[in-house]
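S.K.: Numbering (mature numbering (1 follows the signal peptide of the UniProt record, and there is no 0)), first residue to last: -19 to -1, 1 to 376.
Even glycine gets a Cβ: it sits at the ideal position worked out from N, Cα and C.
Remember, it's a predicted structure, so these values are computed and weren't measured experimentally.
After the structure tokens below, expect a handful of questions from me.
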Amino acid sequence: MKQIKFIFFLILTTQILFAQKTVVNEYSIIDKKVLQIPDSLTKTTGGIASYITENFKTDKDKSRAIFIWIASNIRYDIDNMFAMNFYEKKEDKIAKPLKTRKGICENYASLFTDICLKSGMKSFVIEGYTKQNGKVDTIPHAWCAVLLDGSWFLFDPTWGSGYVNEGKFFKKINNQYYKVNPSSLIKSHMPFDYLWQFLNYPVTNQEFYQGKTQQNKTKIFFDFKDSIQLYEKQNHIDQLISSAYRVEKNGVKNSLVFDRLQHLKLEIENEKQTKTVNLYNLVVIDYNEGIIRFNDFINYRNKQFTPNKTDSEIQTMIDISDNKLKEAKNKLGQISNADANTTNMIMQVAKSIDDAIIHVNEQEDWLKVYFSKGKSGRKSMFYERKSTLFGIPLN
């Protein structure tokens, strides 16, 4: 009997050990359902999002479904792994993996974020660089952030889809990169802009290299939540300026950070120039409209205000001209830090606007006198010298 009991104990122990090694996928129900999505819906992010929102109710379940669908269906594009282009159009980054079922990190991240947004979740693509096995990579990387129940979590659908070994991609779902706490992912993923660390005590590039990624509360507290809210309210050029400040402040440790900073500065200058050109063009449009309206008034006055209009209608004619010229002058005042050529053009237009306003004011004064007179007095005013047209519109 003792021998039988001993054998039974061994068998029981073996079964327990085997049970301990079994990995339970807590997301199996979600994973199974999302992988049943009809192929016809996977041609666009809108189609995928419609299936997600119909079949999953919580943001947590939605984010899992999106993560596992991408990780399961998109293969890493080994042939183009070094062809990173963060500045490619977002639409192209998304269209490629849907069409070819292949992509690199920027495709994975853009696809994930776009589906999240269309599924009703707040999400951002994060760009930076990484560290693997204690060594900092020499190519940039992109991953994602999603706001779930008021807290930010990080996702890397690229690393979550498999791994590269000896030039080959091996597909293997890795849940280590699903819904990661920011304080954990900072050990391997460093954003160019520390805003996207989602940490109150951001890690510098130097500390990342040294592996010192724990929260150092002796630093100045950084309210990243308020900063993100401010970022969302800023216009594009202010977003670029604030991002460039943070990138530079965190230390230009490697060529990847340097390239990002230089690109930000270049984009800022391009945006400023574009804003200047757009404003100048609006100034010219308003000025031209003001001149056209003024000349309409002069022509009407020289015809002794025939056919008849009410005093209010006549006043409106000159008011429109006056308002357009003032709008042009106001917009011109918003242009700053223009180059020498643009500055010269601005000075010429400014003089034209001021001259036109003087002529408009003269006509406004004439109208005040005209409106104050009776019928015969008004008629006599037309026998004064005729008024001439003012200038010509600008090209």
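1. Please state whether DSSP places Gln191 in a helix, a strand or coil.
2. Identify, in the order they occur along the chain, each residue of the same chain with its Cβ nearer than 8 Å to the Cβ of residue 401, setting aside the five sequence neighbours on each side.
3. Which residues in the same chain as Tyr175 place their Cβ atom closer than 7 Å to its Cβ, once the five residues preceding and following it in sequence are excluded?
4. Given Ile55, which residues of its chain have a CB within under 8 Å of its CB, disregarding the five upstream and five downstream residues?
5. With a CB to CB cut of under 7 Å and the five nearest residues on each side skipped, what residues in its chain are close to Gly28?
6. On a Cα-Cα basis, can you pick out the residue from Asn304, Glu252, Asp60, Asn342 that is closest to Glu147?
7. When DSSP labels each residue in this structure, what does Lys112 get in the three-state scheme?
8. Is the Cβ-Cβ distance between Ile327 and Ile316 less than 9 Å?
9. Buried or exposed: Asp130, going by 16 or more other Cβ atoms within 10 Å of its Cβ?
10. Go ahead and label Gln329 buried or exposed: buried means 16 or more other beta carbons lie within 10 angstroms of its beta carbon, across all protein chains shown.
11. Measuring CA to CA, which of Tyr110, Met65, Lys43, Phe150 is closest to Lys103?
12. Tyr32 lies in the beta strand (DSSP E); which residues open and close that run?
13. Taking Tyr364 as the reference, give the member of Thr324, Arg282, Thr323, Gln296 with the closest Cα.
14. Give me the Cα-Cα distance between His340 and Asp219, rounded to the nearest whole angstrom.
15. Quick one: residues in its chain with C-beta nearer than 6 Å to the C-beta of Asn197, no 5 flanking neighbours on either side, listed in chain order?
16. Assign Lys99 to one of two classes, buried (16 or more other C-beta atoms within 10 Å of its C-beta) or exposed (fewer than that).
17. Would you call the CB atoms of Met171 and Lys112 closer than 9 Å?
18. Quick one: any contact between the region 278 to 298 and the region 318 to 327, if contact means 3 or more CB pairs under 8 Å?
19. For Phe202 versus Gly109, is the C-beta distance shorter than 9 Å?
20. I'd like the list of long-range same chain contacts for Thr94, defined as Cβ closer than 7 Å, with 5 residues on each side in sequence excluded.
21. What is the DSSP secondary structure of Ser132, counted as helix, strand or coil?
22. The beta strand (DSSP E) spanning Tyr144 covers which residue range?
23. Lys360 to Asp335, Cα distance in whole Å?
M.R.: On the basis of the supplied data:
1. helix
2. Past the boundaries of the shown model lies residue 401; the chain is included only from -19 to 376, so the question cannot be answered.
3. These residues qualify, in order along the chain: Pro183, Arg227, Asn231.
4. Pro78, Arg82, Lys83, Gly84, Asn88, Tyr89, Leu92, Pro138, Ser142
5. Leu22
6. Asp60
7. strand
8. yes
9. Around the beta carbon of Asp130, a 10 Å sphere encloses fewer than 16 other beta carbons of the protein chains shown; the residue is thus reported as exposed.
10. Gln329 is classed as exposed because its beta carbon has fewer than 16 other beta carbons within 10 Å across all chains shown.
11. Lys43
12. Counting along the chain, Tyr32 sits inside no beta strand (DSSP E); it lies in the alpha helix (DSSP H) bounded by residues 26 to 36.
13. For Tyr364, the nearest C-alpha among the options comes from Arg282.
14. In a straight line, the C-alpha of His340 is about 39 Å away from that of Asp219.
15. Tyr182
16. buried
17. yes
18. no
19. In this structure, Phe202 lies away from Gly109, with their beta-carbon atoms at least 9 Å apart.
20. Ser104, Phe105, Val106, Cys125
21. strand
22. Looking at the DSSP string, the run of the beta strand (DSSP E) that includes Tyr144 is 143 to 146.
23. 31 Å
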